[in-house]
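Just so it is clear: in the sequence shown, position 97 is 97 by full-length UniProt numbering, and no numbers are missing.
For every residue, glycine included, the Cβ atom is placed at its ideal position computed from N, Cα and C.
Computed from a predicted structure; not experimentally measured.
A quick write-up on the structure given underneath.
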Amino acid sequence: MQQDILINWSPQETRVAVVEHGSVQELHIERTLERGLVGNVYLGKVVRVLPGMQSTFIDIGLERAAFLHVADLMAPFAGHKHAEVDASGAARPAAPQVPIEKQVFEGQSLMVQVIKDPIGTKGARLSTQISIAGRLLVFLPQDDHIGVSQKIPPSQRDDLRRRLQALVGEASTGGGGGFILRTNGEDATDTELAEDIAYLRKTWARIKSAATRLPATSLLHQDLDLLRRVLRDLVGEQTQTIRLDSREQFEALQVFGREFMPAAVGKLQHYKGERPIFDLFAIDEEVAKALGKRVELKSGGYLIVDQTEALTTVDVNTGGFVGARNFDDTIFKTNLEATQAIARQLRLRNLGGIVIVDFIDMVREDHREMVLAEFRKQLARDRVKTTAGGFSALGLVEMTRKRTRESLAHMLCEPCPVCAGKGTVKTARSVTYDILREILREARQFNPREFRVVASPKVIELFLDEESQHLAGLSDFIGKPISLQSEAAMAQEQYDIVLL
């Protein structure tokens, strides 16, 4: 699948769109003042140990303390947890996990790395197993494991592992550590791999040096910005062009690319067009659609995507699609088309965590199997790890998508100040009845000369018209006058009752 990468750069924000056949598949946004933290290495300070949760809160200089679970407390603190092998070659289970309260204490300084950005009310998630990503390799300075990406065909892994092991041995003067060969390092030369090994070890040496000089809560290492991560993480053989609309950043990226990713430099292009680069493929329109609940399908069907704190639900509907010969075929074709649209929306919106997909009920077992197979095929294109189960007894498909950063909606939007994120507000009539009850409640506690209701124009209008009889009846019952004041700035659910 051939793709183009479009980069819209401004001093405050970098936006990257991955386009395939004229359709946006991925959108990455990084704001200068809100850069993600995943990959950053800090010298953290333990502020609280929670034995009951087997976790600890660590101050790394952010607004909220970060979270470290015992499962992420690895070497050198918890020791290597690889299964041991006895003389017969059979694997013995790894040693039991040491309780966290026996490994860390309040006030202790720990070198930690962010593995999940803060999301919503949750602080960042940390690990003490540091990993540093290079162009071709990932360096594990506290481990001695030599591995190969699972995305590389199994037939090539053993040869690549032996080759990498020999290179690491030759370059061992820089210290130990383990390495994992990334997917884009599959065809790298020995020279390129050796250069990446040297670069990663040099980076680790700088991190260790900073840890001895800087105070706790200091940032020791920051991952590349989005502009440079495009070359490291997004560019592949299928990438035709990388178009960037800033001359200054284009030149800076060329310099970076020549040093670290020479194969990608030839794909770089400076976009000089009159129209904004994102207008070429109506990307801003796609962003607007990705913030809405309804997604139209070409056949006339549609999806409803609902994102909550706990999970995301996707509902598939036939809508106006009546093109197939019979109803079963209509449902099958709608579900089949929906698989591609759902996988794309997950990438575009960067939805993570638990996702429940409610496909339209299918009677035929072969239709269900084909839809599930196509859905898994579409999910396999995702750079982020996904897992999908089969159809449940209720006809639902449960899946997960690894979440490492905020979704598009959380990054670009905030809860509505009127409905506070509920998506609905009380009707004006419901608010008038709330006000009547509140006046009655206060009349039993206080003895003012008069009650004044300050509310939105729509609520006041109801009191003056359809609810006037009820208002007058309450006034007679409590023996006090009730006056009304319209306030245009108030939302429909807002009101004040003033005691005069």
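Per DSSP, Asp284 lies in no beta strand (DSSP E); the unbroken alpha helix (DSSP H) holding it starts and ends at Ile283 to Ala290. A Cβ-Cβ distance of about 7 Å is found for the pair Ala216 and Gly44, placing them in contact under the 8 Å criterion. DSSP, read as helix, strand or coil, puts Met411 in helix. Annotated three-state conformation of Phe359 is coil, per DSSP.
Secondary structure of Arg125 (DSSP, three-state): strand. Proximity to Arg64 across Ile360, Arg161 and Gly120 peaks at Gly120, based on C-alpha coordinates. The alpha carbon of Leu474 has as its nearest neighbour, out of Ala491, Asp434 and Leu500, the alpha carbon of Asp434. Residue pairing of Met399 in beta bridges, as defined by DSSP: Val355 and Ala388. When only Cα atoms are considered, Arg135 and Ala166 end up about 19 Å apart. Around the beta-carbon of Val287, 16 or more other beta-carbon atoms lie within 10 Å, marking it buried. Judged by their CB atoms, Val41 and Gln113 are nearer to each other than the 8 Å cut-off. When rounded, the separation of the alpha-carbon atoms in Leu311 and Gln445 is 45 Å. The C-beta distance from Ile277 to Asp245 rounds to 4 Å, short enough to meet the 8 Å contact threshold. When rounded, the separation of the alpha-carbon atoms in Pro118 and Leu137 is 26 Å. Collapsing the DSSP output to three states places Val98 in coil. If you draw a straight line from the Cα of Ser407 to the Cα of Gln307, it comes to about 10 Å. Excluding five sequence positions before and after Ser392, the CB atoms of its chain that fall closer than 8 Å to its own CB belong to Glu398, given in chain order. When C-alpha distances from Asp366 are compared across Ala488, Asp328, Gly353 and Asp233, the shortest belongs to Asp328. DSSP places Gln240 in the uninterrupted beta strand (DSSP E) bounded by Thr239 to Leu244. With a contact defined as Cβ atoms closer than 8 Å, Lys289 and Val305 miss out at about 10 Å.
Pairwise C-beta distances place the segment 375-386 out of contact with the segment 421-430, as fewer than three of them are shorter than 8 Å. Taking C-beta separations shorter than 6 Å and ignoring five residues to either side along the sequence, the partners of Glu26 in its chain run Val18 and Arg347, following chain order. Per DSSP, the unbroken alpha helix (DSSP H) holding His470 starts and ends at Ser468 to Ile478. Counting C-beta pairs closer than 8 Å gives three or more between the segment 437-455 and the segment 480-493, which meets the contact rule.
Where His21 is concerned, there is no enclosing alpha helix (DSSP H), because DSSP gives it neither an H nor an E. Leu297 sits away from Thr14, with the two beta carbons spaced by 8 Å or more. Taking C-beta separations shorter than 8 Å and ignoring five residues to either side along the sequence, the partners of Leu214 in its chain run Leu43 and Leu220, following chain order. Annotation for Thr308: no alpha helix (DSSP H) segment contains it, and DSSP assigns it neither H nor E.
If only uninterrupted alpha helix (DSSP H) runs of at least 4 residues are considered, those enclosed by the segment 183-233 are 190-213 and 226-229.
For Gln103, there is no enclosing alpha helix (DSSP H), as DSSP marks it with neither H nor E. Residue state for Ala488 is assigned as coil, using DSSP reduced to three classes. Your pair Asp223 and Gly178 does not check out as a contact, with CB atoms roughly 19 Å apart and the cut at 8 Å.
Shown here for Gln2: same chain residues with a beta carbon closer than 6 Å to its own, the five before and five after excluded, namely Gln238 and Gln240 in chain order. Non-local C-beta neighbours of Asn350 in its own chain, meaning closer than 6 Å and more than five positions away in sequence, comprise Ser407 and Leu408, ordered along the chain. By the beta-carbon neighbour count (other beta carbons within 10 angstroms, threshold 16), His21 is exposed. In the DSSP assignment, Ala66 forms a beta bridge with Ile58.
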